[in-house]
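**Student:** In order, the protein sequences belong to chains H and W. The opening position of the first sequence corresponds to residue 66 in the numbering used here, with each subsequent residue numbered one higher. The opening position of the second sequence corresponds to residue -4 in the numbering used here, with each subsequent residue numbered one higher.
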Amino acid sequence: MSNQLLDKSHFKLYANCIPVKGASRSIICDIQRGRYNFITNDLYEILSEQSDLSINDIFSFYGAENKEILEEYFHFLSSEEYIFFCEFEELGLFPKLDLHWESPSIITNAIIDVGIDSNHNFPDIFIQLEDLGCKALQLRFFTETTLNEVSEILAFTESSSITSLEVIIPYPIKVTTKQEYISFASSNLRLSLVIFHSAPQNSVLENESLPCTYILFTEDQINDEYHCGVISKSYFTLNIESFSEAQLFNSCLNRKISIDKSGNIKNCPSMSLSYGNIKFQTLKEVIRMKEFKKVWSINKNQINICKDCEFRYICTDCRAFISTIDVLSKPAKCNYNPYLETWEEK
Amino acid sequence: MTVVIISTDGDQSTYNVIDWLHHFKIKVHLIDDKNRLHVNSVQLSKNNHLRFEYDNKKIDLMEIHSFWHRRGNISIAFPAIKYLEDFDFEKQFVKHLDQEQRKLKEYFNFEFRQKKHLGNIFQTDINKLIVLEKAQRLGIAIPDTLITSNKEELLNFKSKYQSIICKPLSDGLMAHDLEIGIITYYTNIISDDNLKILNNTFTVSLFQEKIEKKYELRIFFIDGDFYTMAIFSQEDTKTSVDFRKYNYVKPNRTVPYNLPVSVKDMLKVLMRELNLNTGSIDMAVTLKNDYVFFEINPIGQFGMTSYPCNYYLEKKIANYLSN
Ligand code: SF4
Ligand code: SF4
């Protein structure tokens, strides 16, 4: 590294490695490789404010007493391939990544809940979603159902624009063999995730034959819409689509539409506000209402506490469960304190 | 407004562009290789009238606003009578039918190109050597290139440059065989061991000096605009010869790049001379900061440039087709 430091006068962050500053520490989001790393807020300053300075100027700015630590910083940044060394003339050749987000779809994702009294007209709903360009669909079954029944519903998506399907189903009462699980999952190639809730134990079904579908079992009883909105490190997503969308839009609710177990059309089934019922309204009619789209643009830069959090562009938001009555308050199910850098146990 | 797209079945980039066209409320006819085109009637008169059918949908050329040749080719349904080719007479007859179909196809392409169009149906199989020669004539730097079947000549070439590569004159090769496995042939460095086992003469092949690259450039060109991505492939020896031998564990850094205006100007002339209004151009920046040109892929895998650089090229293509 020290050789490189000598040969080249400047350094440049790769455009897809983006530092995000938090209240007491920062992270570098490596959007390309889908990972992040913690850095100090001092290093954040160097990367964002002083990135046009030559390396020599940075060293002299911080003085001899900081030389060692700076060398360590540069070594870390180049060994992780967050930066490369270059000449002054090259700086202008590498623009920042344009982080604007847009989509040809009016609705990009949807949730449909099925409870004991649900009576959804699935073929019609799927046609409506197709018309809106919806790509991702989550179906949640809160009460007993059979794999056959679910397969039949999923079959209605066959000719739609949906590319990713997730289903959450209660653990079957009837003894089910591994082969039956696999043949269920392979009955629809769009299935990317199947979760069986209320299972005897947490486990993952090993299956080499379906590399693109995850089949999981969880002890959690997902028997109503309360089981959502948990914020955890393991739910962080890091890719260019979600990162750019989170800049100006809500990372959970943007371009989402939901139908709850009673047919109410909502932003998300866990929210109390309904904009109509699928029996009487079309999804399009609801989307035309200005009010419906309001939550789409509540972004992390506006949400209290989150706006000071280094995870704000990789964390999915939740607006259904929030900590106070203030619509801009932090998700209630987040235990992270960005001022103390700690995850509090509940 | 209607757009006709010619593509192959399952091409995701095509579907992404179609999503944007639908967003702009534009009707799309996708002609892929699943079906053949049925010609209903062509009236050659003052007001040309060309009508055809595809996948049971009737299409009238007059209603088509623009046309995108993404990849693949159209095939026109012709009598499916099977002739034995044993006799010269039948052979000639089949040949004649082929010619008939070809002429009709040419005419279709001609008509399509009268419309606003993207891609050039006659240029998908572009000739690397002609492109290199044209580029050089325009003052664009290219790697020193030798085509030979003679070992001595190759040895001289190799001693002139520290390192040389061999690459196919046509496209890369990927061959599967149950016994042998997968053989790929893209770009390879010629080692001294390779040379040792070579006979005095061999199949005529293309050799180039190996350019020491600071970074590679993948440039998507559409209607005068350039969208460039730099690929840092040198960090990792596994990928430093050909980026397509992709390294999945730690993918090469791919970032947006500002192509200098002087380079853009030369490339614009080259594209015009090749009669291409879109394509993917491969170049590299050398350790001495020179821009060296390698090749153009008229089909252009724009998805691999669009996504990492957030360029939304799918939308730009849809915009072009609908304006
Ligand atoms: S807003 Fe909260 S409860 Fe609703 S879908 Fe998003 S995370 Fe779940
Ligand atoms: S504070 Fe906000 S941004 Fe940070 S982890 Fe919690 S919910 Fe996510």
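Don't be surprised by glycine CBs; every beta carbon is placed ideally from N, CA and C. Values in this document were obtained by computation on a predicted structure and should not be read as measured data.
Using C-beta distances below 8 Å, list every residue in its chain close to K129 of chain W, excluding the 5 sequence neighbours before and after it, in chain order.
**Tutor:** Taking the second sequence and counting its residues from 1, one reaches residue 129 of chain W at position 134. Hits under 8 Å: L265, E268 and L269.
**Student:** Could you check which residue in H:E110, H:V360 and H:L256 has the C-alpha nearest to that of Q203 of chain H?
**Tutor:** By one-based count along the first sequence, residue 203 of chain H stands at place 138. Of the listed residues, the one whose Cα sits closest to Q203 of chain H is H:L256.
**Student:** Taking the beta carbon of G134 of chain W as the centre, do at least 16 other beta carbons fall within 10 Å, making it buried, or is it exposed?
**Tutor:** Against the second sequence, residue 134 of chain W aligns to sequence position 139. By the neighbour-count rule (16 or more Cβ atoms within 10 Å), G134 of chain W is not buried but exposed.
**Student:** Quick check: the stretch 386 to 397 of chain H against the stretch 85 to 94 of chain H, are there 3 or more CB pairs under 8 Å?
**Tutor:** no
**Student:** For V317 of chain H, name the three-state secondary structure that DSSP assigns.
**Tutor:** Looking up residue 317 of chain H in the first sequence gives position 252. Reading off the sequence, residue 317 of chain H comes out as Cys, not Val. Residue state, collapsed to three classes: coil.
**Student:** Does K233 of chain W come within less than 8 Å of chain H when only Cβ atoms are used?
**Tutor:** As a working note, residue 233 of chain W is residue 238 in the second sequence. With a pLDDT of 48 at K233 of chain W, under the threshold of 50, the predicted position of this residue should be treated as unreliable, though the coordinate-derived value follows. For K233 of chain W, the answer is no, since every Cβ of chain H falls outside 8 Å of its Cβ.
**Student:** Under three-state DSSP, which class holds Q97 of chain H?
**Tutor:** Here residue 97 of chain H corresponds to residue number 32 of the first sequence, with the count starting at 1. Residue state, collapsed to three classes: coil.
**Student:** If you follow the alpha helix (DSSP H) that T300 of chain W is part of, which residue opens it and which one closes it?
**Tutor:** Taking the first residue of the second sequence as position 1, residue 300 of chain W is located at position 305. Residues G298 to C304.
**Student:** May I ask you to report which of helix, strand or coil DSSP gives R46 of chain W?
**Tutor:** In the second sequence, counting from the first residue as 1, residue 46 of chain W sits at position 51. The answer is strand: DSSP assigns R46 of chain W an E or B state.
**Student:** Does the beta carbon of R353 of chain H come closer than 8 Å to any beta carbon on chain W?
**Tutor:** The count along the first sequence starts at 1 and reaches residue 353 of chain H at position 288. No, no contact with chain W.
**Student:** Anyone know if the C-beta pair for T223 of chain W and L254 of chain W falls short of 8 Å?
**Tutor:** Along the second sequence, read from residue 1 onward, the residue named residue 223 of chain W stands at position 228. Along the second sequence, read from residue 1 onward, the residue named residue 254 of chain W stands at position 259. For T223 of chain W and L254 of chain W, yes; Cβs fall inside 8 Å.
**Student:** For the stretch 233 to 295 of chain H, which segments carrying the alpha helix (DSSP H) assignment without a break, of at least 4 residues, lie completely within its bounds, in sequence order?
**Tutor:** 243 to 251
**Student:** Could you name the residues of chain W that Q97 of chain H contacts, counting a contact when the two beta carbons are closer than 8 Å?
**Tutor:** Within the first sequence, the letter at position 32 stands for residue 97 of chain H. Within 8 Å of the CB of Q97 of chain H, the CB atoms of chain W belong to P246, R248, T249 and P303, in sequence order along the chain.
**Student:** Could you give the distance in angstroms between the alpha-carbon of A80 of chain H and the alpha-carbon of S170 of chain H?
**Tutor:** Looking up residue 80 of chain H in the first sequence gives position 15. Looking up residue 170 of chain H in the first sequence gives position 105. Answer to the nearest angstrom: the Cα atoms are 27 Å apart.
**Student:** Within the 8 Å Cβ cut-off, does D163 of chain H reach chain W?
**Tutor:** Numbered from its first residue, the first sequence carries residue 163 of chain H at position 98. Yes, D163 of chain H counts as interfacial toward chain W.
**Student:** Pick helix, strand or coil for R248 of chain W, following the three-state DSSP scheme.
**Tutor:** Position 253 of the second sequence holds residue 248 of chain W. Residue state, collapsed to three classes: strand.
**Student:** Run down chain H in chain order and give the residues with a C-beta less than 7 Å from the C-beta of W15 of chain W.
**Tutor:** On the second sequence, position 20 is the one that residue 15 of chain W refers to. Residues of chain H passing the Cβ test: P169.
**Student:** Any idea what DSSP makes of S8 of chain W, helix, strand or coil?
**Tutor:** Taking the first residue of the second sequence as 1, we reach residue 8 of chain W at position 13. Residue state, collapsed to three classes: helix.
**Student:** Any C-beta of chain H sitting closer than 8 Å to the C-beta of F360 of chain W?
**Tutor:** For chain W, the structure presents residues -4 to 318; residue 360 of chain W sits outside this window and is missing.
**Student:** Give the single residue among W:E207, W:K259, W:I184 and W:I291 whose Cα lies nearest to the Cα of D220 of chain W.
**Tutor:** Along the second sequence, one-based indexing puts residue 220 of chain W at 225. Of the candidates W:E207, W:K259, W:I184 and W:I291, the one whose C-alpha sits nearest the C-alpha of D220 of chain W is W:K259.
**Student:** Indicate the three-state DSSP secondary structure (helix, strand or coil) for L189 of chain W in the structure shown.
**Tutor:** Taking the first residue of the second sequence as position 1, residue 189 of chain W is located at position 194. A quick correction: the sequence has Asn, not Leu, at residue 189 of chain W. If DSSP states are grouped into helix, strand and coil, N189 of chain W belongs with the helices.
**Student:** Closest to H64 of chain W by CA distance: which of W:S186, W:N195, W:F82 and W:F103 is it?
**Tutor:** Here residue 64 of chain W corresponds to residue number 69 of the second sequence, with the count starting at 1. Measuring from the Cα of H64 of chain W, the nearest candidate turns out to be W:F103.
**Student:** In this structure, how does DSSP classify N402 of chain H when only helix, strand and coil are distinguished?
**Tutor:** Counted from its first residue, the first sequence places residue 402 of chain H at position 337. In the structure shown, N402 of chain H sits in a strand (DSSP, three-state: E or B).
**Student:** What residue range does the beta strand (DSSP E) around H91 of chain W cover?
**Tutor:** Working through the second sequence from its first residue, we reach residue 91 of chain W at position 96. Looking at the DSSP string, H91 of chain W is not in any beta strand (DSSP E); the run it does join, the alpha helix (DSSP H), is D83 to Q109.
**Student:** Since T196 of chain W sits in a beta bridge, which residues does DSSP pair it with?
**Tutor:** Counting from one through the second sequence, the residue named residue 196 of chain W turns up at place 201. Listed as beta-bridge partners of T196 of chain W by DSSP are W:N145.
**Student:** Judging by CA-CA distance, which residue of H:Y236, H:S274 and H:C277 is the nearest neighbour of I260 of chain H?
**Tutor:** Counting from one through the first sequence, the residue named residue 260 of chain H turns up at place 195. If we check each option's Cα against that of I260 of chain H, H:Y236 comes out closest.
**Student:** Taking Cβ-Cβ distances shorter than 9 Å, what residues in chain H pair up with H18 of chain W?
**Tutor:** Within the second sequence, the letter at position 23 stands for residue 18 of chain W. Going along chain H in sequence order, the residues near H18 of chain W (Cβ under 9 Å) are S168, P169, S170, I171 and G198.
**Student:** With respect to 7 Å, is the separation between the Cβ of R66 of chain W and the closest non-hydrogen atom of ligand 4 below this value?
**Tutor:** Ligands present in the displayed structure are limited to ligand 1 and ligand 2, and ligand 4 is not among them.
**Student:** Tell me which residues share the same chain as D72 of chain H and place their Cβ nearer than 8 Å to its Cβ, disregarding the 5 neighbours each side in the sequence.
**Tutor:** Position 7 of the first sequence, counted from the start, is the residue given in the question as residue 72 of chain H. If we look at D72 of chain H and ignore the five residues flanking it on each side, its Cβ neighbours are F150.
**Student:** Decide yes or no for the touch test of the stretch -2 to 18 of chain W against the stretch 57 to 73 of chain W: beta carbon pairs closer than 8 Å, at least 3 of them.
**Tutor:** yes
**Student:** Would you say the beta carbon of I296 of chain H comes nearer than 7 Å to a heavy atom of ligand 2?
**Tutor:** Indexing the first sequence from 1 puts residue 296 of chain H at position 231. Checking the Cβ of I296 of chain H against ligand 2 gives yes.
**Student:** Count the other CB atoms, across all protein chains shown, that sit within 10 Å of the CB of D95 of chain H; report buried if there are 16 or more and exposed otherwise.
**Tutor:** By one-based count along the first sequence, residue 95 of chain H stands at place 30. Classification for D95 of chain H: buried.
**Student:** In this structure, does DSSP put Q38 of chain W in helix, strand or coil?
**Tutor:** Position 43 of the second sequence, counted from the first residue, corresponds to residue 38 of chain W. Of the three classes helix, strand and coil, the one that applies to Q38 of chain W here is strand, per DSSP.
**Student:** Rounding to the nearest angstrom, what Cα-Cα distance links L316 of chain W and D218 of chain W in this structure?
**Tutor:** As a position in the second sequence, residue 316 of chain W is number 321, starting the count at 1. As a position in the second sequence, residue 218 of chain W is number 223, starting the count at 1. Approximately 11 Å, taken between the alpha carbons.
**Student:** Collect the residues with a C-beta less than 7 Å away from any heavy atom of ligand 2 and give them in sequence order along the chain.
**Tutor:** Having a Cβ closer than 7 Å to some heavy atom of ligand 2 are H:I296, H:K365, H:I368, H:I370, H:C371, H:C374, H:F376, H:R377, H:C380, H:D382, H:K395, H:P396, H:C399, H:Y401 and H:P403.
**Student:** My output table needs one value for S317 of chain W: the three-state DSSP class, helix, strand or coil.
**Tutor:** Position 322 of the second sequence, counting from 1, holds the residue named residue 317 of chain W. Note: S317 of chain W maps to helix in three-state DSSP.
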